[in-house]
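Notes for the one structure printed next.
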Amino acid sequence: MAEKYGSEKCIVLEYHTNDELATSQTESRAQWYNARGLPTAKFNGTKTQVGGSETIQTEYEKIVNELMQTTASFSITLSGNISSEHAMMKATVTPLTTATRSNLKFRWAMYEDNVELKGKRYRFVVREIVTEDSLPLQGKKPVDIKRTFKVNPAWKYTNLGIVAFIQDDSSKEILQAAVFKAGK
0 MAEKYGSEKC IVLEYHTNDE LATSQTESRA QWYNARGLPT AKFNGTKTQV GGSETIQTEY
60 EKIVNELMQT TASFSITLSG NISSEHAMMK ATVTPLTTAT RSNLKFRWAM YEDNVELKGK
120 RYRFVVREIV TEDSLPLQGK KPVDIKRTFK VNPAWKYTNL GIVAFIQDDS SKEILQAAVF
180 KAGK
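Oh and the sequence shown: position 51 is 50 in numbering that gives the first Met the number 0, straight run, nothing missing.
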């Protein structure tokens with residue numbers, strides 16, 4: 000799915016649980032989403048597909064294609080730098096409508112792609128859910144949010160990416176997301 004649609008249309012994050020790639024943050028996030036089985040896929044935080052099979056991609060594509068028909072309420076532009084020691088990021092959030100929503104949170108997640116572990120390769124492994132900010136929006140005025148993140152030396156920093164997303168905590172719906180990859 001990630002290769003087919005590209006990160007402009009489909010951002011994938013893997014929250015590992017009960018394995019060597021799990022963290023207390025990813026375990027907590029899976030509980031927050033009420034994930035009951037493995038694998039559980041969440042699309043935009045609301046649509047759920049539990050389990051896996053040879054035909055699962057067809058089911059995923061139906062959901063993704065349906066979600067692509069929705070109109071975005073926000074745009075997120077990311078800029079910054081990811082090095083072996085830290086990531087310095089700036090997000091500019093621009094409301095595209097004047098409608099106001101409460102319970103909006105701005106979240107950052109750092110992931111590592113192509114993680115090798117015991118002869119297996121894992122994609123888009125969430126390494127850290129970095130921070131959570133309330134989103135102070137007023138009309139259509141853009142808002143800048145800046146963060147600096149520490150990079151674990153055990154991670155291959157050239158495979159790191161930062162995903163920034165806006166989420167309604169009442170419904171758990173992700174309203175917009177953007178990704179910044181190392182080397183950009």
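Glycine residues also receive a C-beta, built at the ideal position from the N, C-alpha and C atoms.
Pairwise C-alpha distance: residue j and residue i
i: residue 36; j: residue 29; result: 10 Å
i: residue 171; j: residue 102; result: 10 Å
i: residue 158; j: residue 181; result: 6 Å
i: residue 53; j: residue 59; result: 12 Å
i: residue 118; j: residue 13; result: 18 Å
i: residue 176; j: residue 10; result: 8 Å
i: residue 69; j: residue 34; result: 25 Å
i: residue 127; j: residue 38; result: 20 Å
i: residue 15; j: residue 114; result: 12 Å
i: residue 162; j: residue 51; result: 25 Å
i: residue 84; j: residue 148; result: 9 Å
i: residue 132; j: residue 143; result: 12 Å
i: residue 63; j: residue 47; result: 11 Å
i: residue 82; j: residue 27; result: 27 Å
i: residue 78; j: residue 91; result: 9 Å
i: residue 49; j: residue 65; result: 18 Å
i: residue 32; j: residue 23; result: 14 Å
i: residue 61; j: residue 137; result: 35 Å
i: residue 120; j: residue 6; result: 19 Å
i: residue 100; j: residue 57; result: 33 Å
8 Å contact criterion, which residue i and residue j should meet: CB distance rounded
i: residue 129; j: residue 108; result: 7 Å
i: residue 88; j: residue 145; result: 7 Å
i: residue 125; j: residue 25; result: 5 Å
i: residue 21; j: residue 122; result: That belief does not hold up - the Cβ atoms of residue 21 and residue 122 are roughly 16 Å apart, past 8 Å.
i: residue 67; j: residue 8; result: 6 Å
i: residue 18; j: residue 104; result: The Cβ separation is near 27 Å, so there is no contact.
Exposure of residue i, with buried meaning 16 or more beta-carbon neighbours within 10 Å
i: residue 160; result: buried
i: residue 166; result: buried
i: residue 106; result: buried
i: residue 111; result: buried
i: residue 116; result: exposed
Close Cβ partners of residue i (< 8 Å) along its chain, the five nearest in sequence each way excluded
i: residue 135; result: 142
Residues near residue i by beta carbon distance below 6 Å, same chain, minus five either side
i: residue 80; result: 87
i: residue 173; result: 43, 44, 164 and 166
i: residue 191; result: There is no way to answer for residue 191, as the model of the chain reaches only from 0 to 183.
Would the region 43-59 and the region 141-153 be scored as touching if the rule is three or more Cβ pairs under 8 Å? Not touching, per the Cβ criterion.
Mind the definition here: the region 90-100 touches the region 64-73 only if three or more C-beta pairs lie below 8 Å; say whether that holds. The region 90-100 makes contact with the region 64-73; the number of CB pairs closer than 8 Å reaches 3 or more.
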